[in-house]
Amino acid sequence: MLFQNNPEMVYGIMVGMFVGDLFMLALGLPAVRMFVKIISTQQHILLPTIVVLCVVGAYALRNSAFDAWLMIAFGILGCILNKLAIPLVPVVLGRILGPIIEENFAGAMLMT
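So in this note's numbering, spot 1 of the sequence shown is number 101, and the numbers just go up one at a time.
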């Protein structure tokens with residue numbers, strides 16, 4: 101339907117995506133050496149840096165210390181689940197998609 105009503109918009113999006121890919125290629129290839137150096141940094145330096153940046157980002161999102169503490173709590177929960185060999189992906193997907201699935205299931209049950 102979109103192709104029939106607004107073909108110029110669809111092709112504009114495609115061209116924009118292609119141009120964006122070219123820019124990402126042009127900027128990404130020279131940056132590979134820098135990323136390799138960052139990744140090869142020793143873990144005792146890299147991991148605290150990542151944690152500090154995550155805490156600063158969580159705080160800066162809404163200027164709330166609660167967000168930073170919540171991020172730390174979920175990080176600790178993730179470490180505990182990792183130590184117990186519980187896969188994180190199903191837990192995260194269940195937490196995010198659970199309410200959506202429940203709402204749609206209730207709507208489907210009302211239709212039948």
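A virtual CB, placed ideally from N, CA and C, is assigned to each residue, including glycine. Everything numeric in this text was worked out from a predicted model, so none of it was measured.
Separation of Gly157 and Leu170 (C-alpha to C-alpha, rounded to the nearest whole angstrom) is 12 angstroms. Annotated as distal: Leu193 and Gly178, with beta-carbon spacing of 8 angstroms or more. Spanning the alpha carbons of Ala131 and Val152 requires a straight line of approximately 23 angstroms. Boundaries of the alpha helix (DSSP H) harbouring Asn182: Ala165 to Lys183, taken from the DSSP string. Residue state for Thr149 is assigned as helix, using DSSP reduced to three classes. Where Pro107 is concerned, the enclosing alpha helix (DSSP H) starts and stops at Pro107 to Ile139.
By alpha-carbon distance to Gly175, the top candidate from Gly198, Pro199 and Pro148 is Pro148. If you look at Met209, you'll find it in the alpha helix (DSSP H) that goes Leu188 to Met211. Straight-line measurement puts the Cα of Gln104 at about 12 angstroms from the Cα of Tyr111.
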